[in-house]
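See below for the structure under consideration.
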Amino acid sequence: MEIILNEFKKVLKSPVLTILIVLFLIYNGFIIYSNSYIREDLKLANDFIEQFGYEVNDEMIDNVSKAYDSKMTELNKITKDKFNKEFSSIDEFLESQEYEGVLYNGEGYSDKEIDLLNDLSIMNLYKNAAIGNIKAYEGLDIMEMAEGSIYDYNLSGKAADKVREIYSKLVPRFEELKANNEHKNIYFVGDLYKTHSLLYRNIMVKVLFEIIIFILLLVSLLINYERDNKTIDLVCTTRRGRNLIKDKLLVCLVAAIIGTVVILGVTLFMYFIVFDYSKVMSVPISSALNWELTPVISWFNISVGQYLALSIVVVFILAIIFTLISFVICSILKSSYKTFFVFFILFGLVFMIQKFISNSSGILIASHYNVVIMTLNPHMWFREAGPFMTDKYYEVLTLAVNGVLAVMISIWRIKRFKKENIA
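Position in the sequence shown (first residue = 1) + 101 = this note's numbering.
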């Protein structure tokens with residue numbers, strides 16, 4: 102235990118790791134702040150849900166329509182007094198010259214009147230988006246989507262057949278999804294605010310790379326500590342010294358998890374302080390309004406909050422796998438600089454290997470079941486995700502296979518380390 106504590110002290114005393122985490126968090130905070138211009142709109146969406154609920158049905162649409170008509174009557178009283186003019190809809194008003202007064206610092210309008218305009222705009226937006234997106238969502242043809250993916254990636258032969266097989270399994274899930282009315286729920290309008298991409302494609306990807314960099318420096322620090330400090334000969338002359346590699350790996354794993362907690366936890370804390378998700382955490386992730394470039398068709402009936410929780414679990418598992426991979430590379434190369442360089446060379450090669458596989462081979466599909474592709478696409482986890490990641494158990498299989506391989510190779514390296522020349 103004393104040895105393990107001493108290894109932890111090395112981590113805690115490293116100013117590089119501490120400064121690195123601080124810089125990462127400052128950068129993440131800047132990214133979040135630079136997108137904060139949508140926060141007020143998201144707050145209005147939460148107010149809308151609080152007033153009308155998030156389940157879209159005839160009663161909800163009727164309630165929104167009545168509230169909208171009532172507020173339009175209020176608006177027309179105001180415009181009648183100000184301009185001797187009335188409008189049939191908020192859209193007509195927003196396109197009029199009379200709206201210019203609102204654009205220029207609210208001139209001629211009280212705060213209460215501007216709130217009225219905001220209420221009308223948000224009602225109009227979500228009523229129309231709900232009706233339009235739900236209709237479009239229900240009109241989707243899963244097998245047509247499969248054929249579209251095959252065409253886009255120029256797939257043929259066994260690769261195309263595998264894609265059709267995967268999508269055919271999605272068909273009953275899609276019918277179940279519609280029967281459950283998972284798509285009939287209010288969420289932040291995807292093609293307008295793109296919050297799913299912001300959180301997962303933008304911020305989560307950056308967090309994953311930050312965790313990887315932290316892990317690489319952490320592992321290099323601990324595994325090469327004695328070698329860098331010229332004490333490797335002294336430590337490894339005893340049997341206990343040779344077993345020190347296992348203690349170091351354990352500390353690396355625990356420290357990597359702690360680092361992940363800090364980087365991911367603080368980043369998500371900052372994100373949800375800025376962006377209010379309080380009313381949408383229970384909304385199914387497959388809401389028709391959560392449609393950006395493509396609709397979200399999840400394999401499981403999960404909420405926005407559950408999707409986030411699953412994603413967090415995946416991030417931690419990826420952190421463990423990358424720690425093992427870094428350990429193997431570092432123990433082989435025995436150099437911090439080479440470890441960093443070789444890791445990202447391998448990362449790039451794994452990402453590019455698909456370019457050299459025939460578009461008609463089933464191996465092309467299998468080659469995407471790796472942690473590199475997973476790391477680059479957190480916004481596509483647990484859902485329809487194109488020809489290569491749509492498999493229902495893609496995440497489970499990828500993490501399991503890559504995790505087992507990483508563990509086996511790590512065990513092999515530990516055994517080899519006990520016997521190899523320490524020079």
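Each residue gets a CB set at the ideal place from its N, CA and C atoms; glycine is no exception.
For residue i, which of the options has the nearest alpha-carbon?
i	options	result
ALA237	GLN198, LYS285 and ASP212	LYS285
GLU393	HIS469, LEU317 and GLY291	GLY291
PHE423	GLU239, TYR134 and VAL472	VAL472
PHE153	ASP182, ALA231 and LEU176	ALA231
ILE324	TYR128, PHE518 and ILE150	PHE518
LEU143	ALA357, SER269, VAL415 and LEU293	LEU293
ALA420	ASP253, PHE310, ARG140 and GLY249	PHE310
ILE313	THR476, LYS114 and SER135	THR476
THR119	LEU498, ALA357 and VAL429	ALA357
ALA389	PRO488, ARG140, PHE131 and TYR155	TYR155
PHE428	LEU195, ASN282 and VAL443	VAL443
GLU141	LEU176, LYS114 and VAL375	VAL375
GLY130	ASP159, VAL367 and ILE512	VAL367
VAL416	LEU365, VAL384 and ASP212	LEU365
THR491	TYR470, SER511 and ASN503	TYR470
THR180	SER171, PHE194 and GLU103	PHE194
SER137	MET244, LEU299, TYR438 and GLU266	LEU299
TYR254	ILE132, PHE489 and ALA501	PHE489
GLU283	ASN158, PHE441, SER115 and PHE315	ASN158
LEU176	GLU151, TYR210 and ILE510	TYR210
MET382	LEU345, PHE445, ALA410 and TRP482	ALA410
ASN503	VAL384, ILE474 and TRP482	ILE474
LYS110	PHE445, ILE122 and LEU319	LEU319
SER321	ILE346, GLY360, PHE441 and VAL264	PHE441
LEU217	THR174, MET244, LYS307 and THR395	THR174
ILE418	ILE466, THR395, MET481 and THR499	THR499
ILE243	LYS270, TYR252, ILE235 and ASN234	LYS270
Short of 6 angstroms in beta carbon distance, which residues of its chain neighbour residue i, apart from the five on each side in sequence? Order them along the chain.
i	result
MET305	PRO479
LYS295	GLU393
MET224	VAL165 and TYR169
GLY487	SER250
VAL112	ALA356
GLY207	Residue placement at GLY207 is flagged as unreliable, the pLDDT there being 49, under the threshold of 50; a coordinate-derived value is accordingly withheld.
ARG514	VAL429 and SER432
ILE510	VAL429
VAL117	none
For residue i, I'd like the list of residues in its chain whose CB is within less than 7 angstroms of its CB, leaving aside the five on either flank, ordered along the chain.
i	result
LEU391	In the sequence as displayed, the identity of residue 391 is Asn instead of Leu. Taken in chain order, the residues that qualify are TYR288, GLY291, HIS297 and VAL397.
ASN147	ASP377, SER379 and LYS380
ILE105	ASP348, LEU351 and VAL352
GLU239	LYS279
ASN219	LEU145
ILE386	VAL397, SER399, ILE403, SER404, VAL405 and TYR408
ASN281	ASN402
The alpha helix (DSSP H) with residue i in it runs from where to where?
i	result
LEU121	116-135
GLN407	405-434
SER222	212-239
ASP253	243-253
LYS111	103-113
ARG484	Segment: none, ARG484 is in no alpha helix (DSSP H) and carries neither H nor E.
LEU498	495-518
Ignore the nearest five residues each way along the sequence and tell me which others in residue i's own chain have a CB closer than 8 angstroms to its CB.
i	result
ILE454	SER468
VAL508	LEU425
MET79	The question about residue 79 has no answer, for the chain in this structure spans 102 to 524.
PHE149	ILE223, MET224, TYR227 and ILE287
ILE162	LYS228, ALA231 and ILE232
GLU187	ASN177, THR180 and LYS181
Next item on the list: Entirely within the segment 447-475 and at least 4 residues each: give me those alpha helix (DSSP H) ranges in chain order.
Entry: 463-467
Next item on the list: Please list the segments of the alpha helix (DSSP H) lying wholly inside the segment 279-321, counting only runs of 4 or more residues, in order along the chain.
Entry: 291-294
Notebook entry, point to check: Would the segment 363-373 and the segment 121-136 be scored as touching if the rule is three or more Cβ pairs under 8 angstroms?
Noted result: yes
Notebook entry, point to check: Quick check: the segment 348-364 against the segment 265-278, are there 3 or more CB pairs under 8 angstroms?
Noted result: no
Notebook entry, point to check: Three or more beta-carbon pairs under 8 angstroms between the segment 247-259 and the segment 458-477, yes or no?
Noted result: yes
Check: Hey, which unbroken runs of the beta strand (DSSP E) at 3 residues or more fall wholly within the segment 146-190?
Finding: none
Next item on the list: Examine the Cβ distances between the segment 430-450 and the segment 404-418 and report whether three or more of them are shorter than 8 angstroms.
Entry: no
Next item on the list: Report the residue ranges of all alpha helix (DSSP H) runs contained in full by the segment 341-404; include only those spanning at least 4 residues, in chain order.
Entry: none
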